[in-house]
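The block underneath contains the structure these notes are about, expressed in structure tokens.
Residue numbers (this note's numbering): 47 to 286.
Structure, rendered in structure tokens:
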């Protein structure tokens, strides 16, 4: 076309002056970093690699999806292969993050066995990434809470088993006390109440035993006193 203004108007459905005004408005954003966000930026896979190394898997995947569209349009098999490898890493990372979230949820529900299993799966996923991005401090905290909860469950079960025998009362009470303390630290009200119920039952049983033994002792003393009183003097005097 001989008139470039007519071509612009026909192509963009905008007047050239309007297009220029929009360009001027966008220019400051473009010069301060917006220039990085463009189609050609998809050729550079380093930003995605850096995001993966920092554990920002969702952001890395968005970058890689843009690059994948570009390399697919160009039919660049080598580039597509690299992107697929990186996207596989983001999938592993996202799965690991999901498992960590499920571990936290299980701990909040005081499902310690499931929390331990989920945490093990998350650790396996992080190991597939080389372990560099693993949140070691969080993993250690979750592992400690899971172990504490499982130990409390074992102590409570042991207290219930030992409570069946009178002779095991001290051991049963100590196990119930340990379980209750652990549940209290974990904020597990249901576990704490179960431990308290076992301790209460043990104490009540022990009190009944003490009262029974005390009653028998008093009865024996009373019976002995009555017997001595009823005997009177001996009818036989061997000294004469």
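Ideal Cβ placement from N, Cα and C applies to all residues, glycine included. Computed from a prediction, not measured in an experiment: that's the story for all the values here.
Reduced DSSP category for residue i - H, G, I as helix; E, B as strand; rest coil
i           : result
residue 112 : helix
residue 120 : coil
residue 68  : helix
residue 130 : helix
residue 197 : helix
residue 101 : coil
residue 175 : coil
residue 75  : helix
residue 162 : helix
residue 224 : helix
residue 219 : helix
residue 47  : coil
residue 233 : coil
CA nearest to the CA of residue i, picked from the options
i           : options            : result
residue 141 : 104, 118, 73, 191  : 104
residue 298 : 188, 170, 58, 62   : Since the first residue of the chain shown is 47 and the last is 286, residue 298 is not available in this structure.
residue 231 : 47, 153, 129, 211  : 153
residue 106 : 124, 116, 135, 123 : 135
residue 170 : 221, 212, 145      : 145
residue 66  : 51, 77, 131        : 51
residue 204 : 190, 220, 192      : 220
residue 215 : 196, 240, 238, 247 : 247
residue 89  : 72, 75, 68, 112    : 112
residue 180 : 191, 77, 143       : 143
residue 222 : 60, 155, 242       : 242
residue 127 : 57, 218, 72, 91    : 91
residue 240 : 60, 198, 77, 131   : 198
Straight-line Cα distance separating residue j from residue i
i           : j           : result
residue 166 : residue 174 : 13 Å
residue 245 : residue 182 : 38 Å
residue 110 : residue 121 : 16 Å
residue 123 : residue 117 : 8 Å
residue 228 : residue 194 : 7 Å
residue 251 : residue 233 : 28 Å
residue 99  : residue 108 : 15 Å
residue 115 : residue 96  : 20 Å
residue 62  : residue 54  : 6 Å
residue 176 : residue 149 : 21 Å
residue 129 : residue 206 : 57 Å
residue 172 : residue 101 : 10 Å
residue 160 : residue 151 : 10 Å
residue 94  : residue 217 : 58 Å
residue 56  : residue 48  : 13 Å
residue 133 : residue 125 : 12 Å
residue 238 : residue 185 : 25 Å
residue 147 : residue 155 : 13 Å
residue 211 : residue 266 : 26 Å
residue 78  : residue 72  : 10 Å
residue 138 : residue 74  : 38 Å
residue 249 : residue 213 : 13 Å
residue 70  : residue 60  : 15 Å
residue 42  : residue 164 : The requested residue 42 does not occur in the structure, where the chain is confined to residues 47 to 286.
Presumed contact (8 Å Cβ cut-off) between residue i and residue j, rounded CB distance
i           : j           : result
residue 235 : residue 201 : Their Cβ separation, rounded to whole angstroms, is 17 Å, which puts residue 235 and residue 201 out of contact at 8 Å.
residue 162 : residue 208 : Actually they are not in contact, since the Cβ atoms of residue 162 and residue 208 sit about 25 Å apart, beyond 8 Å.
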